[in-house]
Every structure is written in structure tokens, then in C-alpha cells.
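Residue numbers (the working numbering): 18 to 202.
Report on the structure given below.
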Amino acid sequence: MISAGEFRNGITIELEGNVFQIIEFQHVKPGKGAAFVRTKLKNIKSGGVVEKTFRPTEKCPQARNDRKDMQYLYPDGDMFNIIDTETYEQIALNKDEVGDSLKFVKENEMVKMCSHNGSVFAIEPPLFVELEITETEPGFKGDTATGASKPAIVETGAQVSVPLFVEIGEKIKIDTRTGEYLSRV
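Next up, the structure:
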């Protein structure tokens, strides 16, 4: 059990039969009345966000989530195949379970599987990936004064906004959390 006074970002709690992750929390001490904790909670199964207030002494059971390194193998239609590198158990997840989390991940790369009581609720790709540009328009000299960008397609099929000087065949570094171009490799 964890009290509301001990809430921190990223902690997962069980509440009303669901599992929530704390996105934001704020300890509020009004001039008049009792203190309280205002939170934004994300339902890890449905992805919905709710706001809820707690008394600082209120207790909730803390949810046990498992995070395990696994290897992304390949897509197969609407299914994505992932293997546990320790037990060699293969898991097939559908597009709804995966979402956009694998759009910057190449085949045979390692990802983190987040699960609660055996059911997968999130896949965390590596924070930064290096991918090759497969499609983009040529940049024109003289257009770089404004720091302009152009769309580019990387080898996984995802679209990224890159500076005008980046060409087809170059490898770039991408932040998978935001999908932003970081640098050339």
C-alpha cells in the first residue's frame, strides 16, 4: 500500500478495479481546509486519462508491473512477433496492443515489454535509434537560412521531419519518444 502523500510520477496504482499510472501529481495546501493531492492518472489498459484528488493519508495498493527485455522479430500482417531471448518463447501481439510504439524499431532490435498480471500494456522502444533515409525530396541551396525542414521516410516506413541538407541513404538519429530528428550519424 502506498499513501497519496508518497505519490511520484510514474508510479502505478490499483484503483476501482483498474491499473493507473501517475502522470502528474501536485500537493495542494489551501489556506483554509485540509491539504489534498491532485493527480492525473492514465489507465494503462485503455490509455484514458482521468483527474482525481486524494487526501494525503488515503492509501492505494501499488500495482506490480513487470518490465522485460525482449527482441522484436518481424511484422506479419496486423500481428507483430516478439521473442523472449531467455526462454525463446514467441509472442504475437496485434496492432491495437502495439500502437505506434514500434514505428521506429527495426527487425531484431531489443524492446522493453511492460505487463501487469501477464497482460502486456506497453512496449517501450529504445530511447534513440539510428535509421537510414529511404525517401526524401532534395534540399535546395539557399533554403537553409530559416532552419527549414522537409519530410523524409526512414527504413521502417515512418515519416520524420529532417533538415534540408539530409539526403537519401544517410543514417540519422531519432528520439523515439517524440519522433524528432536529432543528428546525422
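Using N, Cα and C, we set each Cβ at its ideal position, and we do this for glycine too.
Here the structure is a predicted model, which is why all the values come from computation and not from measurement.
Under the 10 Å beta carbon count, Q38 is surrounded by 16 or more other beta carbons and is classified as buried. Inclusion of I140 and S166 in the CB contact set at 8 angstroms is not warranted, their separation being larger than that value. If you ignore the 5 residues before and after V45, its C-beta comes within less than 6 angstroms of the C-beta of F53, R55, all in its own chain and listed in chain order. Judged by their CB atoms, M87 and V128 are nearer to each other than the 8 angstroms cut-off. The Cβ neighbour count for F145, taken over all protein chains shown within 10 Å, is under 16; the residue is labelled exposed.
Annotation: the stretch 51-108 contains the following complete segments of the beta strand (DSSP E) (minimum length 3 residues), in chain order: 53-60, 66-71, 82-93, 96-100. Note on geometry: alpha-carbon atoms of T173 and V66 lie some 30 angstroms from one another.
The stretch 74-89 and the stretch 121-138 touch, with no fewer than 3 CB-CB distances between them shorter than 8 angstroms.
Of the candidates P180, V115, M18, E184, the residue whose Cα lies closest to the Cα of E149 is E184. Between E147 and K120 the beta-carbon gap is near 15 angstroms, outside 8 angstroms, which marks them as no contact. Counting other Cβ atoms within 10 Å of its Cβ, F138 reaches 16 or more and is therefore classed as buried. The residues C77, P78, A80, in chain order, have a CB closer than 7 angstroms to that of E31 in the same chain once the five nearest residues on each side in sequence are set aside. When secondary structure is reduced to three states using DSSP, D117 falls in the coil class, being assigned neither helix nor strand. Comparing alpha-carbon positions, the option among D192, T195, R194, E187 lying closest to V202 turns out to be E187.
Straight across, the Cα-Cα distance linking P73 with F42 is about 12 angstroms.
Across the set I61, E33, R194, S200, the C-alpha of S200 shows the shortest separation from the C-alpha of L181. Annotation: P92 to V179 spans about 26 angstroms, alpha carbon to alpha carbon. It is roughly 44 angstroms from the alpha-carbon of A21 to the alpha-carbon of V171. Here I40 is not near K62, since their CB atoms are 8 angstroms or more apart.
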